[in-house]
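Chains as they are written, first to last, in this note's numbering: chain G, 1 to 109; chain U, 110 to 226.
Structure follows, in structure tokens:
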């Protein structure tokens, strides 16, 4: 099956700093989503981005499907950005969504 | 965005009893829902795919007789953990796909934390 790798596994930032999270996948995908899991466990949809670039406030994402990677950019980080960021993909020809291991982000005040 | 609810949010049960978790899509119809479990500091692992009106499809290694899934309507799927044991303690999360404009974005419920004593 498809492999999804996220990097870095852990990240500590000072408030106000910028960061880039990466998601590599081993096969072509129909769908790709980025989620933020808050401390209470709720997964919050950030981007649905099988290809191209999207922006939403301080967050933006880019997926280069032909090179099998996606990037999540967080600018001017805030303490409320802390949590785990997951990349999840649906393989082309498949139906189920596979999650990466996540990037655990802690933003210090 | 679409809203998915789960109930209960937290449950404690005794070993050997059964627990039912409900997953509802509140503002859209979901022909397909998914059930995941998540252990502390780990990623989400897909347990099964729930299809309205038909049998669920279980992932390899997931006991279908232990984790009963029923997708009775386009807005409700239930997961019943039968004869629960302490090793079944985990965070269970459901999701639903909202087909809209050719995309299939997944939305997740808030999760159910199960503790088996």
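For glycine and all other residues, C-beta sits at the position ideal for the given N, C-alpha and C.
The structure displayed is predicted, hence computed values, not measured ones.
Taking the alpha-carbon of residue i as reference, which of the options has the nearest alpha-carbon?
i, options, result
"residue 99/G", "155/U, 118/U, 144/U, 149/U", "155/U"
"residue 202/U", "216/U, 117/U, 186/U, 146/U", "146/U"
"residue 117/U", "111/U, 126/U, 187/U", "187/U"
Since residue i is in the beta strand (DSSP E), which residue starts that stretch and which ends it?
i, result
"residue 30/G", "29 to 37"
"residue 131/U", "128 to 134"
"residue 83/G", "83 to 91"
Would you report the Cα separation of residue i and residue j, rounded to the nearest angstrom?
i, j, result
"residue 130/U", "residue 95/G", "23 Å"
"residue 197/U", "residue 114/U", "22 Å"
"residue 194/U", "residue 132/U", "22 Å"
"residue 134/U", "residue 51/G", "27 Å"
"residue 37/G", "residue 150/U", "11 Å"
"residue 72/G", "residue 5/G", "13 Å"
"residue 35/G", "residue 2/G", "19 Å"
"residue 160/U", "residue 119/U", "25 Å"
"residue 185/U", "residue 17/G", "42 Å"
"residue 107/G", "residue 162/U", "45 Å"
"residue 33/G", "residue 215/U", "8 Å"
"residue 191/U", "residue 200/U", "16 Å"
"residue 48/G", "residue 29/G", "12 Å"
"residue 53/G", "residue 166/U", "34 Å"
Can you pull the chain U neighbours of residue i, defined as C-beta to C-beta under 9 Å?
i, result
"residue 33/G", "214, 215"
Applying a beta-carbon distance threshold of less than 8 Å, which residues of chain G neighbour residue i?
i, result
"residue 219/U", "40, 41, 42"
"residue 152/U", "86, 99, 100, 101, 102"
"residue 143/U", "96, 97"
Can you name the residues of chain U whose CB is closer than 8 Å to the CB of residue i?
i, result
"residue 56/G", "By Cβ distance, chain U contributes nothing, its closest Cβ being about 12 Å from residue 56/G, past 8 Å."
So which residues of chain G does residue i contact, with C-beta pairs closer than 9 Å?
i, result
"residue 158/U", "95, 96"
Quick one: list the residues of chain U neighbouring residue i, beta-carbon separation under 7 Å, in chain order.
i, result
"residue 24/G", "Here the premise fails: no neighbours, minimum Cβ distance about 15 Å."
> Quick check: the segment 177 to 188 of chain U against the segment 133 to 152 of chain U, are there 3 or more CB pairs under 8 Å?
Replying inline: yes
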